[in-house]
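Protein chains in written order, with the working numbering: chain A, 1 to 97; chain B, 1 to 164. All C-beta atoms, glycine included, are put in the ideal place defined by N, C-alpha and C. Please read these numbers as outputs of a predicted model, since none were measured by experiment. One structure is given below, encoded as structure tokens.
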Amino acid sequence: VSAGHYRFVSTDRRVRGDRRFVAGKGRFVADIDLPNTKHIALVTCPHAAARIISIGGVSAPSLRLSAIVIISDVTIAAAPWLGLAVNRWPTQSLTLR
Amino acid sequence: MRIRLTVNGTENTLEVEPRTTLLDCLREHLGLKGAHAGCEHGVCGACTVLFDGVAVRSCLMFAPQAEGTPITTIEGVTPGPGELSPLQDAFCETHGLQCGYCTAAMILVAHALLADNPDPSRDDIVEAISGNLCRCTGYAQIVEAITLAADRIRGSNRPSELRR
Chain A
1 VSAGHYRFVS
11 TDRRVRGDRR
21 FVAGKGRFVA
31 DIDLPNTKHI
41 ALVTCPHAAA
51 RIISIGGVSA
61 PSLRLSAIVI
71 ISDVTIAAAP
81 WLGLAVNRWP
91 TQSLTLR
Chain B
1 MRIRLTVNGT
11 ENTLEVEPRT
21 TLLDCLREHL
31 GLKGAHAGCE
41 HGVCGACTVL
51 FDGVAVRSCL
61 MFAPQAEGTP
71 ITTIEGVTPG
81 PGELSPLQDA
91 FCETHGLQCG
101 YCTAAMILVA
111 HALLADNPDP
121 SRDDIVEAIS
131 GNLCRCTGYA
141 QIVEAITLAA
151 DRIRGSNRPS
161 ELRR
């Protein structure tokens, strides 16, 4: 076996993908612009245990709010994929205004 | 509101919400995705840009605040199409990155450091990158990359027989 077979052994190799990352051309998930992409903001409850009576006061026009989603919406929407969605908050009842 | 931002030598007139962060403005309005949103509260340093040559976190300032001050992002560091600056090249050579998320910011911080101090000690380098988190490389190769680039930049005007 000639030395030519070992030309990569113990030599300094560059990673091919590095060039785009050092040039700021890496493509991460947040860099992808899909049409009509919406952003989501999770709002946590400031109370340890409470019953939601209503949701309101979030109609700032600059927010261009497209929807308010609560957990029951998610369990209903996700049911076809989950098969059996487990509602961990079975007692909640909420009408969106 | 209407603002004028000078980014990488180009002046842009933009219509933004006053509360838009410089980071969101660069990414969403100007399409410069090289500045990354990491923690979005000034801890990770992934959003670093050069604000008149000084490394700042673009998630901690509003776009209107940057009006009238030259901004440099990682896209403005590359000398030409297909070319790399000595720092960018050194990061490749010393394997100063893995996932690449912190890399753009690390390079900008290093640019600011070397513009200020062409012959930084290891402590100077560690101090300069102390505000930037990297969760994969482990910093050793990043320090090595900056040391190598500093060495090369200092040596670039020396006669070849005197270069190391």
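Sequence-distant residues of the same chain with beta carbon closer than 6 Å to residue i, five excluded per side
i: R76 (chain B); result: Correcting the residue type first, residue 76 (chain B) is Gly in the shown sequence and not Arg. Result list for G76 (chain B): N8, in chain order.
i: P86 (chain B); result: A149, R152 and I153
i: T13 (chain B); result: R4
i: T91 (chain A); result: Low per-residue confidence applies at T91 (chain A): pLDDT is 49, beneath 50, and the placement is therefore not dependable enough to give any value.
i: C59 (chain B); result: T21, L23, E40 and C47
i: V49 (chain B); result: A35, S58, I71 and T73
i: A145 (chain B); result: A90, F91, T94 and G96
i: Q141 (chain B); result: T94, H95 and G96
i: D31 (chain A); result: none
i: L34 (chain A); result: none
Residue i vs residue j beta-carbon contact at 7 Å
i: C47 (chain B); j: A35 (chain B); result: yes
i: T73 (chain B); j: L32 (chain B); result: yes
i: A55 (chain B); j: V109 (chain B); result: yes
i: R57 (chain B); j: G42 (chain B); result: yes
Residues near residue i by beta carbon distance below 7 Å, same chain, minus five either side
i: K38 (chain A); result: S66
i: T69 (chain B); result: F51 and D52
i: G26 (chain A); result: R20
i: R13 (chain A); result: none
i: L30 (chain B); result: V7 and N12
i: R51 (chain A); result: none
For residue i, the residue or residues it bridges with in DSSP
i: L26 (chain B); result: Paired residues: none, contrary to the question.
i: L14 (chain B); result: B:I3
i: I71 (chain B); result: B:V7 and B:F51
i: R57 (chain B); result: B:T48
i: T21 (chain B); result: B:F62
Chain-order list of residues whose beta-carbon lies under 8 Å from that of residue i (same chain, five-residue window excluded)
i: P80 (chain A); result: none
i: E11 (chain B); result: R4 and L5
i: D124 (chain B); result: L113 and N117
i: R122 (chain B); result: V143 and T147
i: M1 (chain B); result: E15, V16, E17, P18 and P64
Of the residues that make up the segment 98-119 of chain B, which ones have a beta carbon closer than 7 Å to any beta carbon in chain A? So the list reads G100, Y101, T103, A104 and I107, given in the order they occur along the chain.
Quick check: the segment 90-105 of chain B against the segment 122-139 of chain B, are there 3 or more CB pairs under 8 Å? Cβ pair count under 8 Å is three or more, so yes.
Using 8 Å as the Cβ pair cut-off and three pairs as the minimum, do the segment 78-94 of chain B and the segment 12-27 of chain A touch? Under the three-pair Cβ rule at 8 Å, the segment 78-94 of chain B counts as touching the segment 12-27 of chain A.
Answer yes if the segment 15-23 of chain B comes into contact with the segment 49-64 of chain B, meaning at least three C-beta pairs across the two stretches below 8 Å, and no otherwise. Result yes; three or more Cβ-Cβ pairs closer than 8 Å.
Determine contact between the segment 30-49 of chain A and the segment 91-100 of chain B, defined as no fewer than three beta-carbon pairs at a distance below 8 Å. Result no; under three Cβ-Cβ pairs closer than 8 Å.
Can you pull out the residues from the segment 74-92 of chain B whose beta carbon lies closer than 7 Å to at least one beta carbon of chain A? Within the segment 74-92 of chain B, the qualifying residues are I74, E75, T78, L84, Q88, F91 and C92.
Residues of the segment 34-47 of chain B whose Cβ lies closer than 9 Å to any Cβ of chain A, in chain order: Near chain A, meaning a CB-to-CB distance below 9 Å, the residues of the segment 34-47 of chain B are G34, A35, H36 and A37.
Listed from N- to C-terminal order along the chain, which residues in the segment 32-61 of chain A have their beta-carbon within a distance smaller than 7 Å of any beta-carbon of chain B? Taking 7 Å as the cut-off between beta carbons, none of the residues of the segment 32-61 of chain A comes near chain B.
Members of the segment 18-31 of chain A that neighbour chain B once the beta carbon cut-off is set at 9 Å: Within the segment 18-31 of chain A, the residues whose Cβ lies closer than 9 Å to some Cβ of chain B are D18, R19, R20, F21, V22, A23, G24, K25, G26, R27, F28, A30 and D31, listed in chain order.
Closer than 7 Å, Cβ to Cβ, to anything on chain B: give me those residues from the segment 3-14 of chain A, in chain order. Hits within the stretch, in order: R14.
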